[in-house]
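Trainee:
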Amino acid sequence: MDRIPIMDGTNYTLWAYPMRAYLEYKGYWLITAEGLPSLATQTEPFAYNEPRTDKYYNLNDGVKGSMKQRLSNAIIEQIKDMATAQEIWKYLENKFNKAGSAQVFGDIQKVYAFQIRGNQNPETEISKLLE
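Listed below in structure tokens is the structure:
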């Protein structure tokens, strides 16, 4: 998880893919993408669904905790009252999935500075572009 950058609002595109991959690895992506199933949000009690409800809420809490570990404090402040992982993911995507002028300028600078000299390992230089 330490390979996922801290998302500060300017680097959503660099944050989203590794975060999604991590959530998929942990088995959290489905609840992030589709939200809590209606069984988990049902208000009428059923004896047979109590453990399932807890399971879904535990998954939801796991996703929220995982995402918050890789978000800046300013962004955590914006999402602190959101109840579901799906709500948080959609909010972050809608608000930050835009290439701002600062990000575009930074990306252009990286491309101009990109060089592979002589017999250098290209993997090292290419990984610098992704930072």
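Offset between the sequence shown (1-based) and our numbering: plus 992.
Heads up, the beta-carbon is just placed ideally off N, CA and C, and yes, glycines get one too.
Specify the secondary structure class of L1028 as computed by DSSP and reduced to three states.
Mentor: coil
Trainee: Please classify M993: does DSSP put it in a helix, a strand, or coil?
Mentor: coil
Trainee: Tell me the DSSP secondary structure of M1074 in three-state form.
Mentor: coil
Trainee: At which residues does the alpha helix (DSSP H) containing M1011 begin and terminate?
Mentor: 1004 to 1018
Trainee: Buried or exposed: which applies to V1096, given that a residue is buried once 16 or more other Cβ atoms fall within 10 Å of its Cβ?
Mentor: It is exposed - the Cβ of V1096 has fewer than 16 other Cβ atoms within 10 Å.
Trainee: Give me the DSSP bridge partner(s) of L1063.
Mentor: In the DSSP assignment, the residues bridged to L1063 are M999.
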